[in-house]
Structures are given as C-alpha cells and as structure tokens.
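This report refers to the structure that appears directly beneath it.
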Amino acid sequence: MKFAILPSVIAFCSFVQPAAADIAVYFSPNDIESAEASGIVGAKTETFSNASIGTLTTYRSNALGGTYTSVQGTSYFQVNNRYGASNGGTQFAVKGGAITSLTLDEEVSYFGFYFTAGDIYNSIDLYSGDTLLMAFSTETLIDYIPRTAGTTVTAIDGNTYNTIDYYGQPVTNLNGNEPYAYIHFFATDGTTIDRIDFHQEVNTNTSVFENDNHSTLVVAPTVPGSFVYLIPEPSSLILSSLGLLFGVRRRR
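Residues -21 to -1, 1 to 231, numbered by mature numbering (1 follows the signal peptide of the UniProt record, and there is no 0), are exactly what the sequence shown covers, in order.
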C-alpha cells in the first residue's frame, strides 16, 4: 500500500476561509439521499414534492419553514431524472449563471442537502444575517472523492468507503461520470444560519445545479459516526487537516 498526497489536500487548505471557522462540513456514505437516511433525527425536510413543475420565482416551504426566491437568472422545479434523486418526485435546479436564495424563518444550527450529478461549478453560501459564514464550492467534495478505482475515504468511526461508489445515481447507476452525495453543515460555537444562496457559476444552457431534500434543525444533532468529514470542527481543524493528508489513499 502506497500513500499519496492528492490535490484534494491543496483544495481543502485553500478552501477553509477565516469566516468558515464555525461551520463543520460532512458527507454521508454513498447511496444516502436524505438527512433522515443519514441518521439525522427530527429534521425539517423539504422534498419539493408539493412544488409546481416550472420556473421558480418564489416558493414558500411550509415543511422547512422558509422561502426560496430567485435572485438572478433562472431556477426551476422539474421531475427527477438521471441527474436527481433515484426515488422519483421533484427536484430543485439552478441554471447556469443563476442564484436562488433560501431565507429561513428561524436561525438553525444544521443544514443538509442532497447534491446530485455534481460538477465543479456548483456552490452555496451560508449566511447569518448579512454575515457570510461560508462559501462552499462543491469542487471541494469532488476533489475529495475522485472517480478512481481503489481510492477510499474514511468516516469518523474509521470505516472506509470506495470513492468510485459515489458516482452514478443510486439504484439505477445512471450518469456514472458524476458524483451523488448528501452534504451536512453543522454550525458550532453558537453560530447560526438563516440564509442559504445556491449558485451555478457557469452560464451555459447545459449547466445546471441539481439538488434535493433540504433539511434543517435548530439545534445541531450529534454527528453520526458513519459521516466522512470535509471540514472538521474548529477545535480540531489544524490536527484534522494534517490527518487529511492520509484521509484519501490509493492502493497499489
């Protein structure tokens, strides 16, 4: 077995901004499509099953307790296809160059969403009032789970998962060139989140940020042991950053 320092380490180090110090980011094992299936108990969840298919201007989510507003460009709801969740239903999509903002009715300490058919141009911003807490590019996740046979990621309980298993829609295995993962954001040290902006950075007709199953909790839950960390809690940030040098490994 030979260990290799991968470009994901550089992406991790450059990604962590000072304002992001109070947000820990994790993702679930492969094939998990919701917070509930990840082991998060008591979350409010918006599945978009009640949303009308078509362009989003404003959408009130009673399930989540918040309002989605199109700020720039075009966002819409569509029937799930190979680029969305495997269980059918409706998904939320942000077209190239567009921004949609989710404003929550109350401050929360946890936000999770299902990142489907991911590409490096998807990003979300987490806010508390007018303060930007974190600008998260999904390129970070993609760098950490390369589509390479024999590469693994390690969960916080020590279990490992093959990164190539995150590629393709669960159940159907369609669209095998893009990753699917449920991502979790935990606000720590009294930090709270009340707004999330969704961006698709590249403005082309074929560029879309598909996602689904948004969940929140006022009080952040205990992190399940099966989670894989992208950004650890502030108290362990430096030590865990060093640990990430060996968090992705390639067998030869």
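Backbone N, C-alpha and C define an ideal beta-carbon position, used for all residues, glycine too.
DSSP three-state assignment for residue i, whether helix, strand or coil
i	result
Glu25	strand
Tyr62	coil
Gln185	Here residue 185 is Thr; the residue named in the question, Gln, does not match the sequence. Coil at Thr185, not helix or strand.
Glu86	strand
Thr117	coil
Asp104	strand
Tyr55	strand
Thr142	helix
Tyr159	coil
residue 233	Look at the range of the chain in this structure, -21 to 231, and you will see that residue 233 is not part of it.
Val(-6)	Here Val(-6) scores only 41 on pLDDT, less than 50, and its place in the model should not be relied on; the value that follows carries that caveat. Three-state result, Val(-6): coil.
Val207	strand
residue 238	There is simply no residue 238 to check, as the chain begins at -21 and stops at 231 in what is shown.
Asp10	coil
Asp1	coil
Gly76	coil
Gln148	coil
Gly169	coil
Ser194	strand
Leu153	coil
Ser40	strand
Gly129	coil
Gly137	coil
Ile175	strand
CB-CB length for residue i against residue j, believed under 8 Å
i	j	result
Val197	Ser88	6 Å
Leu120	Gly97	7 Å
Ser13	Tyr62	About 17 Å separates the two Cβ atoms, so there is no contact after all.
Asp176	Asp109	The pair is not a contact, with the Cβ atoms about 12 Å apart (cut-off 8 Å).
Asn192	Thr82	Wrong, their Cβ atoms sit about 19 Å apart, outside the cutoff.
Ser17	Tyr161	6 Å
Thr167	Asp1	5 Å
Phe188	Ala72	7 Å
Proximal residues to residue i (C-beta, below 6 Å), its chain only, five neighbours per side dropped
i	result
Gly75	Gln179, Val181, Asn182, Thr183, Ser186
Asp8	In the sequence under discussion, the amino acid at residue 8 is Pro, which differs from the Asp named in the question. The answer, listed in chain order, is Tyr140, Ser205.
Ser116	Ser102
Tyr145	Asn9, Ile124, Pro158, Ala160
Phe6	Ala160, Ile162, Val207
Gly91	Ala14, His163, Ser194
Thr48	Thr37, Ser80
Neighbourhood of residue i by C-beta distance below 7 Å, restricted to the same chain and skipping five residues each side
i	result
Asn138	Ser205
Asp84	Gly44, Gly45
Asn59	Gly67, Gly68, Thr69, Gln70
Pro200	Ile19, Val20, Tyr89
Tyr100	Gln179, Glu180, Val181, Ser186
Per-residue burial, residue i [other beta carbons within 10 Å of its own, 16 or more giving buried]
i	result
Arg39	exposed
Thr131	buried
Val207	buried
Val4	buried
Gln51	exposed
Pro211	buried
Val150	exposed
Gln(-5)	Its pLDDT being 46, under 50, Gln(-5) is placed unreliably by the model, and the measurement read from it follows with that caveat. Counting Cβ neighbours within 10 Å, Gln(-5) comes out exposed, since fewer than 16 surround it.
Thr37	exposed
Asn190	buried
Ser31	exposed
Gly129	exposed
Asp136	exposed
Thr34	exposed
Gly169	exposed
Own chain residues within Cβ distance below 8 Å of residue i, not counting five before or after
i	result
Glu86	Ser107, Thr171, Ile172, Asp173, Val197
At least three beta-carbon pairs within less than 8 Å, the region 147 to 157 to the region 19 to 33
As far as the Cβ criterion goes, the region 147 to 157 does not touch the region 19 to 33, which means the pair count is below three.
Using 8 Å as the threshold, is the region 55 to 62 in touch with the region 40 to 47, meaning 3 or more CB pairs across them?
With the cut-off at 8 Å, the region 55 to 62 and the region 40 to 47 do not touch.
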